[in-house]
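Below is one structure, written out as structure tokens; comments come after it.
Residue numbers (this note's numbering): 14 to 602.
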């Protein structure tokens, strides 16, 4: 066409763009669009933008789609300014502006549905009475013949929607049979079709119940229906890896490739990240090795494997992956260095960790950032090497890296644990907005010095300054006051044995209370330890709020004001929403 002297029109460009996108030659399509923007920007019209935005949204590249959409808006805006020139121009542009508004609505809808899938379709309210009736039928007749179950469900009035299906799944989170029977009934209804969300929810339930055979059949079904998304991959790999079905983990990728879902390193990296964070790094490595010929690995893949092996303490495998990463031509990023440092420190290989840090300072000083200094300073302070921690801290400040509260909290803990409480308090006073990291460092250090009263006073100050304590704060303070074995005293009402056992009985945990009493009677053979976390968890409700109020009164009667304040505050935190709202409305004395 060009050789014959004809210049390709915008329709020819649109057709070529559409063809490239359809045939998965996405990068070539974007290059063609970019060349059009450079050479023939004035010829670009709504049809071209429509093709490009549609293709970007389908690929999930929302950021690029927004940029192209903003460019289109700007160009249409300048056209709208031209409306003031003549009525003829306004009449000419009227249909174009209407088309632009339509594309605007469709693009926003598409972007919203990708950012928030729940917005794609409005959620219809579920009738709880109908839900209870359907769940009762599914539970009672889960082993009945299929015609009988379907007949019972057909006679029951309910509105079968996606939200209703999800609510049924929530009522049977670990029981595959009722959900699968309801799925068979649902697909037989002409007005119901599964979405990715509903099918993923069913897959999740079947996976948690470890019915691998049925799970694999459903994986094939979701592939045939083309409802797959990244959530499906995560559910599938989590289930199969936890069940040690390593062969099926790899087969899942091949299976989905057969249904048109290509091998993509971005998807593989997401799955490797998820598996490594859930301590399934061995399974993740097996998948990576087996898919190496199908997927071109990148540095992100190796980085997550290094993190995973360091997290489980297998530094030998982490080193092997590190060397393999270098052999493949990838330079370990700073995140990989941080993961290796953390792993060495955690596994008591402190000198090796410091050598690695020193080599990083020599070879890649410009790459060192806040995260690396955070790891090193935190562990130096934990080991009591305050002088070295100060040197690293000074180096960080000289390089212009501003310390965050987590680093300051580590230094504060190190100072307090060495008895340098005044220095630590001076640092706290200079911090503009101290957060939980700062207060936890101070409280933990004071408790290590056996000064629980001062730690409790700091706890009160923390609350007054608007910093809300967490469960970890309460457990630290209780262990500091009561010890790991609990407090003994003259008054049996405030001995923690009495509180703990009585609390277990009130919470309906009679068996655990009996076991604890048996351990108390055999103190010479087995030293009982309090599970403060479980105890507080049992009373994280309205009943617990009342119990902690009564407990606080008894503790104050015998002069244990610090303990009373800790329990009273925890009781207030566990109060109902109405009580918390009323408490905030009460005038402060």
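Yeah, the Cβ is synthetic: ideal placement off N, Cα and C, and Gly gets one too.
Nearest neighbour of residue 220 by Cα position, chosen from 248, 196 and 412, turns out to be 248.
For residue 366, the closest alpha carbon among the candidates 310, 353, 475 and 270 is that of 353. By the Cβ test, the region 432–443 is not in contact with the region 473–483, since fewer than three Cβ pairs between them sit closer than 8 Å. Here residue 169 is exposed, its C-beta having fewer than 16 other C-beta atoms within 10 Å. Straight-line measurement puts the Cα of residue 250 at about 9 Å from the Cα of residue 287. When only Cα atoms are considered, residue 275 and residue 316 end up about 23 Å apart. Taken in chain order, the complete beta strand (DSSP E) segments of 3 or more residues contained in the region 326–370 number zero; there are none. Under the criterion of beta carbons closer than 8 Å, residue 200 and residue 148 do not qualify as touching, at roughly 19 Å. Just measuring C-alpha positions, the residue of 163, 473, 198 and 581 sitting nearest residue 178 is 198.
Comparing alpha carbon positions, the residue from 72, 401, 31 and 257 closest to residue 223 is 257. Under a 10 Å Cβ-count criterion, residue 326 is classified as exposed, with fewer than 16 other Cβ atoms of the shown protein chains found around its own Cβ. In this structure, DSSP gives residue 36 a state outside helix and strand, which the three-state scheme calls coil. Residue 424 sits in a helix when the DSSP states are folded into three classes.
The beta carbons of residue 422 and residue 437 sit no closer together than 8 Å. Burial is judged here by how many other beta carbons sit within 10 angstroms of a residue's own beta carbon; residue 33 has at least 16 and is buried.
Taking each of 37, 268, 425 and 167 in turn and checking the Cα distance to residue 395, the smallest one comes out for 425. Looking at 291, 388 and 167, the one whose alpha-carbon comes closest to that of residue 255 is 291. Here residue 370 has 354 and 389 as same chain residues with Cβ atoms under 7 Å from its own Cβ, once five neighbours each way along the sequence are excluded. For residue 311, there is no enclosing alpha helix (DSSP H), as DSSP marks it with neither H nor E. Taking C-alpha positions only, residue 156 is separated from residue 166 by approximately 14 Å. Check the Cα spacing between residue 447 and each of 482, 434, 460 and 465: the tightest is with 482.
For residue 260, the secondary structure class from DSSP, reduced to helix, strand or coil, is helix. Scanning its chain for C-beta atoms nearer than 7 Å, with the 5 sequence neighbours on each side dropped, one finds around residue 190 the residues 155, in chain order.
When the five nearest sequence neighbours on each side are left out, the beta carbons in the same chain lying within less than 7 Å of the beta carbon of residue 455 are those of 425, 429, 437, 441 and 471, in order along the chain.
Judged by DSSP secondary structure, residue 492 falls within the alpha helix (DSSP H) whose first and last residues are 484–495. Excluding sequence positions up to five before and after residue 357, its CB lies within less than 7 Å of the CB of 328, 365, 366 and 369, all in the same chain and listed in chain order. Rounded to the nearest whole angstrom, the CA to CA distance from residue 321 to residue 246 is 19 Å. Residue 392 has its alpha-carbon roughly 21 Å from the corresponding atom of residue 486. Cβ contact annotation for residue 241 (same chain, cutoff 8 Å, sequence separation greater than five): 209, 235, 269, 272 and 274, in chain order. Residue 276: not part of any alpha helix (DSSP H); DSSP gives it neither H nor E. Sequence-distant partners of residue 451 (beyond 5 residues in either direction) whose C-beta falls short of 8 Å from its own C-beta, in its chain, are 418, 421, 422, 425, 441 and 444. Counted as a single uninterrupted DSSP element, the alpha helix (DSSP H) harbouring residue 386 occupies residues 383–395. For residue 247, the uninterrupted alpha helix (DSSP H) run begins and ends at 243–255, by DSSP. If you compare the alpha carbons of 252, 218, 212 and 228 with that of residue 238, the shortest gap goes to 212. Proximity to residue 433 across 397, 466 and 416 peaks at 397, based on C-alpha coordinates.
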